[in-house]
Each structure stands twice: as C-alpha cells, then as structure tokens.
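The next block holds one structure in the form of structure tokens; read it before the comments.
2 protein chains.
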Amino acid sequence: MSTEFPSPDLPSPLPKSPVLQAAYRAKAAAATIAPLPRTPKDEALLAIADALQVRTREIVEANAEDVAQARANGTDEAVIDRLTLTRERIAAIADDVRKVAGLPDPVGEVIRGYTLPNGLDVRQVRVPLGVVGIIYEARPNVTVDAAALCLKSGNAVLLRGSSSAIASNRKLVEVIRDAVGGAGLPADAVQLVPGESRESVQELMRARGMVDVLIPRGGAGLIRTVVEQSTVPVIETGTGNCHVYVDAEADLAMAVEILINSKAHRVSVCNAAETLLVHKDIADAFLPLALAALADAGVTVHADPRVQAVAEREGSKAVVVPATAEDWETEYLSYDIAAGVVDSLEDAVAHIRLWTSGHTEAIVTTSQAAARRFTQLVDSTTVAVNASTRFTDGGQFGFGAEIGISTQKLHARGPMGLPELTSTKYIVTGDGHIRR
Amino acid sequence: MSTEFPSPDLPSPLPKSPVLQAAYRAKAAAATIAPLPRTPKDEALLAIADALQVRTREIVEANAEDVAQARANGTDEAVIDRLTLTRERIAAIADDVRKVAGLPDPVGEVIRGYTLPNGLDVRQVRVPLGVVGIIYEARPNVTVDAAALCLKSGNAVLLRGSSSAIASNRKLVEVIRDAVGGAGLPADAVQLVPGESRESVQELMRARGMVDVLIPRGGAGLIRTVVEQSTVPVIETGTGNCHVYVDAEADLAMAVEILINSKAHRVSVCNAAETLLVHKDIADAFLPLALAALADAGVTVHADPRVQAVAEREGSKAVVVPATAEDWETEYLSYDIAAGVVDSLEDAVAHIRLWTSGHTEAIVTTSQAAARRFTQLVDSTTVAVNASTRFTDGGQFGFGAEIGISTQKLHARGPMGLPELTSTKYIVTGDGHIRR
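If you read the protein sequences in the order shown, they are chains R and Y. Start counting at 1 in the first sequence, then tack on 20, and there's your number in this note's numbering. Start counting at 1 in the second sequence, then tack on 20, and there's your number in this note's numbering.
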C-alpha cells in the first residue's frame, strides 16, 4: 500500500543528532501514511494487537527488568504498580488497540462544505497533523495507546517515555514496529526518541518544522518545562485543581454523593476534586454531612475559618486543618481537600476563576438559574451540573480513547480523542475560476 | 449590561509594567464580555461604526501626522498608501464593522451534543478565547478590523501596531473605546499595547496566563520572532510561497489565465503565486504561451534549465533569468516567478512539499485522477483545483471577515474568521451522576 504514495526523500547526509534523524524519518513516514484510507491503518492496528498478545512473554520479561530496577531504586509501590505489565494487562492493552481500530477514521471527514456564489466549491477536510511528539512518565500502556491513536489518525509518533520504563518501551515499540512494517506501513511511523538524557527532550522541543505538535503528559513540572521552552507548538495537558460547588439550593444527599465521588473515587487523577466550596445559606445543613462523609472516606479537610467553625461546633470526627492560600491552588492528588464557605454563586465563580487550573468544576444545585449562570461564568474545559468531576475523560465522554486532556484553549480543550489529532485543509474546486 | 456579570478583581497593587497592567485589564474585561449574548456586542459594534464616521475629521488629522512623518522618513509610496486614511476609506472601514455586526455570533454554538448511555448530557459549546494579542504592521484598518472581530467573538484585544501608525492607532482606539464604553461594555476590551519599544512586544510574548493567543500579522521576520520567542501560544500567519502546477493534461488557455491571475492580480499578497511547475509532457505546448503572458504582465521568470531552453528556442520576449535554489523558497511579493519543469505529478508534489510555506497550491488539470491525487498528497492550508491561488481569503471564502490566514496546523488552518477566535468548553449535565 505504502509504495503507491511518494514520500519525501531523506536529506543526505542525515543530521548527526539521533533525535533529528528520528524526526526526519517520522516526517517521511507521516507523508506516506497521511493519505491512506482507513483499511490499511486498521489492519496495522489489528496486527499490533495480535503481536502484543503473541509476544507477551518477551514484553513481560523486558518489563521485569524495569520493575526490578525500580524496586532496587526504592520506588514507591504505587508507581511500580503503574509500571508493571502482566499477561492480563497486556491483553487489556491489546483490546484497547482493537477498540481504536473500530473507531471511525477522522481523516477525510468534511467539516464544512459549500458552493460560493461564483460556483467555486469549498470543502474543509480533516487531515492528519503530521508528526506528533508525546513526552510521558512511567506508564508503558501510554506507549501503545499513543501509537495506536496516532496511527489511526494518520500521524507518525515520536515517543519519549520515562527512563524508568525504558526496557518495556523498547520492547513494546519493537513489537509495534514489526507489526506495522509487517502490515505494509512504514515502521518509522512509530519511534522511540533516542537517548535517555534531558538533552534529547530539549532537541525534541526545538525540532520546529519537523515535529508538528508536542503533547506532554505527566507531572506539572514536566508540563511547565515543555510549555515554556518548546518552539514546537504544545498542547498543555492534565493539571486538575477541580472544584465542587454546592449551591444555596441543593439536594443534600446528592451533593454528598457527588462530593465523595469527585474527591475519593480515585485520588491520583487529574479529574479528582481538590476544593469544596459551599454557599453560606446551606453550609450549616450540608457541612456536617459532608465532613462526616469525608471522614469516612479518609479525607483530610483543609478548611477556611467558617468550615472550621462548623466542624468544631459539631464535634466532627473529620480531620480538619486550617487552609492557607496555598491550599486553594494545590492539586493534592491525595486524600486531602480544601474547603471554604462562599457568600454567593458569584463569589464561588470568582474563587474558581482565581485558583483553578481550568480543568473541571462541578455545581450541585436544584436551581435552573444557578446552573445556567454557573455554566456561563465558569471558564474551564468542563463544567458539570449535578454530576461528578470524574466524568471528564475521553472514555467516559464516549470518544473510545483519549490521548490526554487539554487544559489550554487553542486547538483542543478537554478530553482529546482522534479528531483532536487532526488539522484541516481547504480544497477549492472550480473550472477555471480567477479573481476579478 | 456589564454590571450583571462579576469580573475578577484587578490585583492590588497592579504590576509596574504598563504592558502587564494592560493585560490584566484586558483579562478582567474579557471575563465580563465572554458571557454576553449577541445583542450588546452588536450594539457596541454599530456604535463603533457610527463613531468612526462622526469623528472622521479627528481620525484623518491624526493619520496626517503619521503620513507626514512617513514622508519625512522617505518611506516607500506603496507603504504610505496602505497607511493613509481618507474619508472614503474610513467609511469603508465603518461598513466592514457593520458587516461584522451582521455576522452570526460564534459564541454559544453547540459543536457537538449527545446523551451518554448513563443519561449524562454532553454539550461542546463555543466560548471566547479570552485575551487576543495582535502584532501587526503599518495598516491602521487592521486596528479596527481586529477590534471588531475580537469584540464580536467575545474576546478582549491587545493591539500592537507599528510605531509608524501610532498617531492613527491612538486616535482609532480612542474612538473605539469611547464607543464601547458608551454602549455599556468595558472599554478595556480594546487596548493599544503601551510603549513603542521592542521591549513591549517582548513583554507581550511572555504574558502567558494573561494573554491567550498572539497573532502576528506582517513580514516573515516579525512572524518568525514571535513564533520562536513567545511563551504565549501563537497562531502563525501569512507567509505564502504558493505554487501553480500545470498537469500533463490541462486546458492551456485556462492554465494561462489561472497562472496570470495567481501571479499578477496583486503581487504583494500572501496568496499570490511565486512558483510555476509544468509537467514535461505539456511543457512544449504550454510554456511558450505562459512566457508570453508573463511577459505581457511584466513578470520576470526565474527559470530552471528546461524552462530556459524553451524560452531560448522560442526566442521568448519574456525576461528570463536562471533560477537558483533560493528562488524555490522565495516569497517574492513582486513581479517575479520561479518556474520549472517536472517529470510527473509526484515530482511536482515532492517539490512543493520541500519548498512550500504551506499556504496555497493550485493544480490545473482536466484529469479527475490527477486532481484527486494532488489534493490528497499536497499538505497546505488550501489546495485549489482549476482555480486561482488568490481565492484563499476569508472574504472570498464567505466568512465575511478575516483576522488572518493561519499557516500552522494547530487550532486553525487557512483563513480565520469568527469561529477561529473561539475555543470550546464541555457542559455535562446529570441528575446526581457519579462514576461507578
């Protein structure tokens, strides 16, 4: 299939930098796969899924090296758990790849199309971005997910994982490349960025013109570095200082359930709630219930004076400590929550606008007017009305897969699926049209 | 109207930098106008249009200062012409503002909406970007256009024009702010970036978190500087090394007409053609006609050896000089064109991919297969089939207005109208939904 399409020649000699060499190869591969229809891309994805299962033993062995090294380094068990690949997990990853194969192909979709008064036909059509760079931490499943999503959307991908997962990532990329090549597509569409040093990340960030977009996934420090230093366009992802606001009129039981789900369903993720704001008119009724439920869930409450006062008056069993300004901006990712009382919905909105990372904010209210006002005024990727913050997720939104959650306003905002891995081009067709 | 909506408090004390002060004020104004419906925004736009005409004399007088200064500096007459404002031109600018008022409001448009299997309603809704920074050269009409488009799309705008138009821009922004304030919207939604030094541009480029996007409009040097140095997300615009490719099978008269229109209809614009590529099978028939027409249009041809050979053999009256590698990448913006013969459509595509700035490429062909292949393989903002490159333009595409032409792949590609000045947010609505 690939030989039907011309691909740009590689420059000769290639640049000395292994990172730039990889980028050149990715660009050539991207030009080859960009015009492909769906079938050859899906065939490559199914080949990857099969290969992951056929070669599971190789992958588990390579992963065991990383896990042993992590143990020797005294790595936290939660991190080791995310790093570990088992037969079951690999089967689940392979199934995810098959699901991506089953998703509609975004490439070729006509977003807008019309005929101008002069008869010229205008079509705006989705096309791949080109070369996508992903910088991520020690989760080898991201290696496979990102490769599958980029291939499906006609992009080449440069993967820059954590050095703590290097053996796993090398093996996974070897398996993927073999499968891609075996399916007749250019293996260079999926590459690990060579080099484990920070310099290789720096080179990637400066490969403007070769790499079309960088998506950093991971801790806030990594994301800030990439955002500030990259000359390649970046999509900022993931930091989530999410808020739950309980309005003056709210179903108390619903509010408790949404609060606990938002905070404690899974604390280490970006769509977990980190701050609770309560309208003063409902504080006396709601806070005792909320504090008891938070205590049951093992959550420490970093409270403003008004929340502290309620806790003391009630003799709450909750662990309550005074909140500082720092608490309002902290993404705990732990069994902690900041909590405060506000005088109005507008004050809640002002607090959120000041401190939020712009990920997800929820309101619990029975008032249609309050719901409408909150959704109008809050400017975050997702505003949830009477629903948990935990729904901000590509899988939950029905995208079938997710490459990350954009917290920026340009290009994509919120969970990013396949369409967010595309750009568009205009095709204008006439029969000799010139401008008068 | 504006007092209905809370706006974030300005920090106290304000930062010392006048540029950052302006950015803070813009951010506060943006929060106020973002949730506004269409009517108050349109009323402000109509007030601006009326004020431009009522206060025409003031504007012409201020502009006369700039023009006098430009003459004293020995500025090129073409530049002075673009700088000059007359009563007629101001009336035309005011009419453009009225046209923007008549365009549909992109804010609030539901891009996608569906109900999940669990009953949660998901809506993806257009919202303003926030604060838009525009850096541009000596065209005072851009001041008004940009302000109108940003206001209509609910954004605040920071305008950084050329120092050579400073008196005109100050007066125009004064007139606009008076009208905006008079219509009950915050005047700080439209501000001139204080300071004429390069440092003020540097500050603007580092105002990440305050400014949501920077759009540089102007020369290639300006755009490159902003793209490379800004930590604020940038939309790259404008450079156009556009190609016209005449395929093996083409209507010769149509090809000549499209070539001449693409090259010479207006040479100083980004959608003018800069390179002609001709398939070898049609070169002997087409090139004599093309060279004669280019000569008539006063265009100098920078020719590869095969085009030179035809010119010599025919004794063409065209001015033909040898092309160097530099010619293939030059955006002349003058009565010059590079011209070469290619062996195949694939070679034309490879040439274009290597040298293009990715703006607009045209194919002239009678072959449906060639048209399809060219549009699939060429990766530029716009691919024109049997039409002039000159159609890549927001006005021509029917957008009603244009803030620039993006030549990057992220966020927007090609002519940018009102929807391209927006982001989106998700609104998810349940009745107590939590994640299981």
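Every residue gets a Cβ at the ideal spot worked out from N, C-alpha and C, and that includes glycine.
Own chain partners of residue i with C-beta closer than 7 Å, once the 5 adjacent residues on each side are dropped
{"i": "residue 22 of chain Y", "result": "In this predicted model, residue 22 of chain Y has a pLDDT of only 30, less than 50, meaning its place in the structure is not dependable enough to derive any value."}
{"i": "residue 27 of chain Y", "result": "Caution is warranted here: a pLDDT of 42 is assigned to residue 27 of chain Y, below 50, making its placement in the model unreliable, and the coordinate value is therefore given only provisionally. The answer, listed in chain order, is 48, 51 and 52."}
{"i": "residue 24 of chain R", "result": "The predicted model places residue 24 of chain R with a pLDDT of 35, which falls under 50 and marks its position as unreliable, so this point remains unresolved."}
{"i": "residue 126 of chain R", "result": "146, 173, 438, 439 and 442"}
Counterpart residues of residue i in DSSP-defined beta bridges
{"i": "residue 322 of chain Y", "result": "Y/341 and Y/358"}
{"i": "residue 155 of chain Y", "result": "Y/180 and Y/236"}
{"i": "residue 228 of chain Y", "result": "Y/231"}
{"i": "residue 146 of chain Y", "result": "Y/444"}
{"i": "residue 263 of chain R", "result": "R/295 and R/381"}
{"i": "residue 404 of chain Y", "result": "R/448 and Y/382"}
{"i": "residue 134 of chain Y", "result": "Y/142"}
{"i": "residue 425 of chain R", "result": "R/435"}
Beta-carbon neighbours of residue i, restricted to chain R and to distances below 7 Å
{"i": "residue 198 of chain Y", "result": "Per Cβ cutoff of 7 Å: no residues; residue 198 of chain Y is ~28 Å from chain R at best."}
{"i": "residue 417 of chain Y", "result": "142"}
{"i": "residue 395 of chain Y", "result": "447"}
{"i": "residue 274 of chain Y", "result": "452"}
Best match in the options for proximity to residue i [C-alpha to C-alpha]
{"i": "residue 456 of chain R", "options": "R/407, R/85 and R/138", "result": "R/138"}
{"i": "residue 379 of chain Y", "options": "Y/245, Y/37, Y/290 and Y/222", "result": "Y/290"}
{"i": "residue 67 of chain R", "options": "R/245, R/57 and R/199", "result": "R/199"}
{"i": "residue 336 of chain Y", "options": "Y/59, Y/72 and Y/316", "result": "Y/316"}
{"i": "residue 84 of chain Y", "options": "Y/167, Y/122, Y/189 and Y/42", "result": "Y/189"}
{"i": "residue 371 of chain Y", "options": "Y/345, Y/353 and Y/356", "result": "Y/345"}
{"i": "residue 218 of chain R", "options": "R/451, R/407, R/39 and R/401", "result": "R/39"}
{"i": "residue 387 of chain Y", "options": "Y/266, Y/58 and Y/319", "result": "Y/266"}
{"i": "residue 430 of chain Y", "options": "R/86, R/80, R/233 and R/185", "result": "R/233"}
{"i": "residue 412 of chain R", "options": "R/282, R/295, R/324 and R/342", "result": "R/282"}
{"i": "residue 153 of chain Y", "options": "Y/169, Y/414 and Y/360", "result": "Y/169"}
{"i": "residue 113 of chain R", "options": "R/87, R/93, R/148 and R/164", "result": "R/164"}
{"i": "residue 295 of chain Y", "options": "Y/257, Y/405 and Y/382", "result": "Y/382"}
{"i": "residue 235 of chain R", "options": "R/453, R/187 and R/436", "result": "R/436"}
{"i": "residue 214 of chain R", "options": "R/249, R/183 and R/237", "result": "R/183"}
{"i": "residue 95 of chain Y", "options": "Y/80, Y/405 and Y/158", "result": "Y/158"}
Under the three-state DSSP convention, the category residue i falls into
{"i": "residue 293 of chain Y", "result": "strand"}
{"i": "residue 449 of chain Y", "result": "strand"}
{"i": "residue 255 of chain Y", "result": "coil"}
{"i": "residue 129 of chain R", "result": "coil"}
{"i": "residue 398 of chain Y", "result": "coil"}
{"i": "residue 26 of chain Y", "result": "With a pLDDT of 38 at residue 26 of chain Y, under the threshold of 50, the predicted position of this residue should be treated as unreliable, and no value is reported."}
{"i": "residue 211 of chain Y", "result": "strand"}
{"i": "residue 21 of chain Y", "result": "With a pLDDT of only 27 at residue 21 of chain Y, under the threshold of 50, the placement of this residue in the model should not be trusted, and no figure is reported."}
{"i": "residue 352 of chain R", "result": "coil"}
{"i": "residue 439 of chain Y", "result": "helix"}
{"i": "residue 100 of chain R", "result": "helix"}
{"i": "residue 201 of chain R", "result": "helix"}
{"i": "residue 216 of chain Y", "result": "coil"}
{"i": "residue 161 of chain R", "result": "helix"}
{"i": "residue 328 of chain R", "result": "helix"}
{"i": "residue 309 of chain Y", "result": "helix"}
{"i": "residue 250 of chain Y", "result": "coil"}
{"i": "residue 282 of chain Y", "result": "helix"}
Beta-carbon proximity list for residue i, same chain, < 6 Å, skipping 5 on both sides
{"i": "residue 144 of chain R", "result": "131, 132, 444 and 446"}
{"i": "residue 76 of chain Y", "result": "107 and 110"}
{"i": "residue 428 of chain R", "result": "256"}
{"i": "residue 300 of chain Y", "result": "361 and 363"}
{"i": "residue 320 of chain R", "result": "339 and 356"}
{"i": "residue 280 of chain Y", "result": "313 and 317"}
{"i": "residue 457 of chain R", "result": "Only positions 21 to 456 of chain R appear in this structure, which leaves residue 457 of chain R out of reach."}
{"i": "residue 350 of chain Y", "result": "none"}
Listed by chain order, chain Y residues near residue i by CB distance under 8 Å
{"i": "residue 443 of chain R", "result": "429, 430 and 433"}
{"i": "residue 122 of chain R", "result": "What residue 122 of chain R touches in chain Y: nothing, since even the nearest Cβ is about 17 Å away."}
Proximal residues of chain Y, C-beta to C-beta of residue i below 9 Å
{"i": "residue 410 of chain R", "result": "454 and 455"}
Same chain, Cβ closer than 8 Å to residue i, neighbours up to 5 away in sequence not counted
{"i": "residue 119 of chain R", "result": "420 and 421"}
{"i": "residue 65 of chain Y", "result": "117, 118, 120, 121, 168, 171 and 172"}
{"i": "residue 452 of chain Y", "result": "none"}
Residues that residue i contacts on chain Y, provided the C-beta gap is smaller than 7 Å
{"i": "residue 401 of chain R", "result": "445 and 446"}
Interface partners of residue i on chain R, CB under 8 Å
{"i": "residue 136 of chain Y", "result": "416, 417 and 418"}
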